[in-house]
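The sequence shown begins at 97 in my numbering and counts up one residue at a time.
Glycine included, C-beta positions come from ideal geometry on N, C-alpha and C.
Bear in mind that the values here come from a model prediction, so they are computed numbers and not experimental data.
Report on the structure given below.
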Amino acid sequence: MLKNKVALVTGAAQGIGYAVSEEFAKQGADVVLTDYNPNVILVAKEMAKKYKSRIIGIVLNVMDVKSIQDGLNQAQSKFGHLDYVVNNAGGGVLKPFAELTNDDFDKTINLDLRGTFLCMRAEVQLFIRQGFGSIVDTGALGSVYNPGGMGAYNAAKNGIMGMTQAAAIDYADKNIRVNCVAPGLTKTPLNDGGFLEKILPTVPMKRYETAAEVAKVFVFIASEATFMTGQTIFSDGGVSVGLK
Ligand SMILES: NC(=O)c1ccc[n+]([C@@H]2O[C@H](COP(=O)([O-])OP(=O)(O)OC[C@H]3O[C@@H](n4cnc5c(N)ncnc54)[C@H](O)[C@@H]3O)[C@@H](O)[C@H]2O)c1
97 MLKNKVALVT GAAQGIGYAV SEEFAKQGAD VVLTDYNPNV ILVAKEMAKK YKSRIIGIVL
157 NVMDVKSIQD GLNQAQSKFG HLDYVVNNAG GGVLKPFAEL TNDDFDKTIN LDLRGTFLCM
217 RAEVQLFIRQ GFGSIVDTGA LGSVYNPGGM GAYNAAKNGI MGMTQAAAID YADKNIRVNC
277 VAPGLTKTPL NDGGFLEKIL PTVPMKRYET AAEVAKVFVF IASEATFMTG QTIFSDGGVS
337 VGLK
């Protein structure tokens, strides 16, 4: 049980971020759901009705330094400290390489890679001040298994795995862990549009991952994997190790 622990999740208004927030709540943690979509306030209020722990929503845009700092300050003043942060907000433009415009590339890198960097930097600064903390970033199966059309997204997610390792080493002796979870094909609003259906036959386990399933991996890595740092864990039905 994670009673008296506090978790903050970015991109938590829907999809994997919502499921991770709910898993933290199920395990008894206080939870701060953040998202740039103001709907997150309502979403958090609804979640708070179902669980005993304290659950709040904060509007936080991972592409905006001030918004990140304000969000972390708000969370810290409400709960006094933060134990776990999951940097989940992400996504990107999927197109064949030669068709990617500068704008597609910039959008993807800015949201996924730069957004994760801006959050991680502020979180590590906070964790150094408080003397402890655990960060879990969000990679993607697409960073090692490439079904095509992932030039910018792949660059961003590989970059996130690299940043995870770099930050983990910098603060390994400061009681701060940094890891990354790479989800496989997960049914979320991000994937409306037939993309998943196309690659499902290549998944060794022959099914999608649910957001609730991968959420358990995020929460375990954040809270229980206490000698693990700098790692990327693939929860992908076997895709990253072979095809069947
Ligand atoms: N769904 C999958 O199959 C899959 C697979 C591998 C990796 N991922 C990764 O998991 C993460 C979540 O994916 P998902 O499928 O739940 O996506 P989703 O699109 O369903 O949800 C993403 C959430 O992030 C929020 N968001 C977007 N831009 C933001 C910003 N600038 N600041 C704050 N919040 C912002 C959105 O409002 C939304 O609530 C992403 O990093 C994605 O790349 C997803």
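Residue i (DSSP reduced to helix, strand or coil)
i: Tyr192; result: Sequence check: residue 192 is Pro here, not Tyr. Correct three-state label for Pro192: coil.
i: Arg210; result: helix
i: Val310; result: helix
i: Asn157; result: coil
i: Asn198; result: helix
i: Leu296; result: helix
i: Asn254; result: helix
i: Gly124; result: coil
i: Gly244; result: coil
i: Pro134; result: coil
i: Asp233; result: strand
i: Phe291; result: helix
i: Ser319; result: helix
i: Asn341; result: Since the displayed the chain opens at 97 and closes at 340, residue 341 lies outside it and no answer follows.
Pair within 8 Å by beta-carbon distance, residue i and residue j
i: Thr260; j: Ile112; result: no
i: Leu104; j: Ala171; result: yes
i: Pro300; j: Lys340; result: yes
i: Tyr249; j: Thr204; result: yes
i: Lys153; j: Lys141; result: In the sequence on display, residue 153 carries Gly and not Lys. Cβ atoms of Gly153 and Lys141: closer than 8 Å.
i: Arg210; j: Met159; result: yes
i: Ile151; j: Val220; result: no
i: Leu196; j: Gly255; result: no
i: Ala264; j: Gly326; result: yes
i: Met143; j: Ala121; result: yes
i: Leu178; j: Thr106; result: no
i: Ala308; j: Thr284; result: no
Residue i versus residue j - alpha carbon distance
i: Tyr147; j: Gly124; result: 8 Å
i: Gln180; j: Leu286; result: Looking at the sequence provided, one finds Tyr at residue 180 rather than Gln. So the two alpha carbons sit approximately 24 Å from each other.
i: Phe228; j: Leu190; result: 37 Å
i: Phe330; j: Val127; result: 24 Å
i: Leu98; j: Val116; result: 14 Å
i: Gly188; j: Leu168; result: 25 Å
i: Asp269; j: Leu296; result: 41 Å
i: Val139; j: Asn183; result: 18 Å
i: Val335; j: Val313; result: 17 Å
i: Phe201; j: Ala251; result: 9 Å
i: Ser149; j: Phe213; result: 29 Å
i: Asn242; j: Thr234; result: 17 Å
i: Val102; j: Leu207; result: 25 Å
i: Lys302; j: Lys162; result: 43 Å
i: Leu222; j: Gln165; result: 10 Å
i: Asn135; j: Lys174; result: 20 Å
i: Asn100; j: Gln226; result: 15 Å
Whole-number beta carbon distance between residue j and residue i, since they are thought to touch under 8 Å
i: Gly245; j: Pro279; result: Not really, about 18 Å apart at Cβ, beyond 8 Å.
i: Ile317; j: Val274; result: Actually they do not touch by this definition, with Cβ atoms about 10 Å apart.
i: Gly333; j: Glu305; result: 6 Å
i: Ala321; j: Glu118; result: Actually they are not in contact, since the Cβ atoms of Ala321 and Glu118 sit about 20 Å apart, beyond 8 Å.
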